[in-house]
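Quick note, in this note's numbering, the sequence shown goes up one by one and the last residue is 273.
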Amino acid sequence: MATSEAPLREILKAVSFTQFPLRINRPFFTPEKIDNPQLHIHRPLTQKSSASPSCDVKSLSTLALLRFVGYKVDVKYSSEPEASPNGRLPYLLLSDSTALDARGIENHLREQGVLGESELADEMIYLSMVETNLVPAVEYLAWIDPEGFDAIGWQKYLGSYPVLIRYFLGWQRHQQSSRKLQTGLPEFGSALDGDVIYDNAFRALDSLAVLLGERKYFCGTKPGALDALVFACLNVIVEAPLKSPIRSAMTRDGSKHKALLDFTVRILEEYFH
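Quick look at the structure:
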């Protein structure tokens, strides 16, 4: 016995509405197929002549770690972090189109068996110390300290933008860095004290100088994650103006931090030249 739905079903079948999708359109964008993983890091167009491949701590430390472990990637430079999948650089694009952020990259290296356990038993403690004391000093130096901002933030990060956009982005990054440092260092209250930030950095540098001693790398016979992060921070510091408190203290004659500067030069020569 025919039901009342039968005529409707016949009409739908006649106009092919029973097969979905009704129509397939070609995609507007198809990801480029890649043979090798691609590491996308921050570097403005104006920095191509610099000895350093990036003035961004996270980008440079990630690239350094990949080179330490011999993981082959094609490096892609960008001055537009917002164009990345999560709005931040660096990220690693695998051949299957999977995109990994900095933490995901480390996990991927461990899964691939190319990043093993560190020879330094206390590496995590030192990594935390650098993240807490040295990385904020670099952030302050690049975006809040007036002279540091002019040499690093304005020239190296924003140098490829038109002047008006540079002013806006510089102000925006200044505000973001201020909020970030105040959140991470709540004892400052409503005002950031550059002297306190640099004092924290000096204490971290003192500890790192003692740890390094006569060794070639922090992590033992081969460089690891701590070496990558310290190298990236120091590489930004040496780009600061000569009269910057943190750079002048490290580079003056007889400085106890000379071993750290020698370490930075050694990493550049061994892995980036």
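Cβ atoms here follow ideal geometry from the backbone N, Cα and C, with glycine treated the same way.
- Under the three-pair Cβ rule at 8 Å, the region 224 to 240 counts as touching the region 255 to 267.
- Per DSSP, residue 227 is one residue of the alpha helix (DSSP H) stretching across 225 to 237.
- Only buried fits residue 257, as 16 or more other CB atoms lie within 10 angstroms of its CB.
- Annotation for residue 101: no alpha helix (DSSP H) segment contains it, and DSSP assigns it neither H nor E.
- Secondary structure note for residue 59: its alpha helix (DSSP H) is the uninterrupted segment 57 to 68.
- Residue 42 sits buried, since 16 or more C-beta atoms from the chains shown fall within 10 Å of its C-beta.
- In this structure, residue 198 lies near residue 137, with their beta-carbon atoms less than 8 Å apart.
- Listed in chain order, the alpha helix (DSSP H) runs fully inside the region 136 to 211 are 163 to 184, counting runs of at least 4 residues.
- Contact between residue 71 and residue 127 fails: their C-beta atoms lie close to 19 Å from each other, not under 8 Å.
- In the DSSP assignment, residue 34 forms no beta bridge with any residue.
- In the three-state reduction of the DSSP assignment, residue 260 falls in the helix class, which pools H, G and I.
- For residue 77, the enclosing beta strand (DSSP E) starts and ends at 74 to 78.
- Residue 234 and residue 25 have their C-alpha atoms roughly 51 Å apart.
- Straight-line spacing of the CA atoms in residue 135 and residue 205 works out to 11 Å.
- Counting C-beta pairs with one atom in each stretch, the region 170 to 177 and the region 143 to 160 have three or more that are closer than 8 Å, which means they touch.
- Bridge pairing for residue 126: absent [DSSP].
- Restricting attention to 100, 88, 116, the CA atom closest to the CA of residue 69 is found in 116.
- For residue 248, the enclosing alpha helix (DSSP H) begins and ends at 245 to 251.
- For residue 37 and residue 76, the gap between their C-alpha atoms comes out near 10 Å.
- Nearest Cα to residue 125 within the set 218, 246, 81: 218.
- When the beta-carbon positions are compared, residue 169 and residue 181 stay at least 8 Å from each other.
- Spatial neighbours of residue 203 in its own chain (CB-CB distance under 8 Å, excluding positions within 5 residues in sequence) are listed in chain order as 133.
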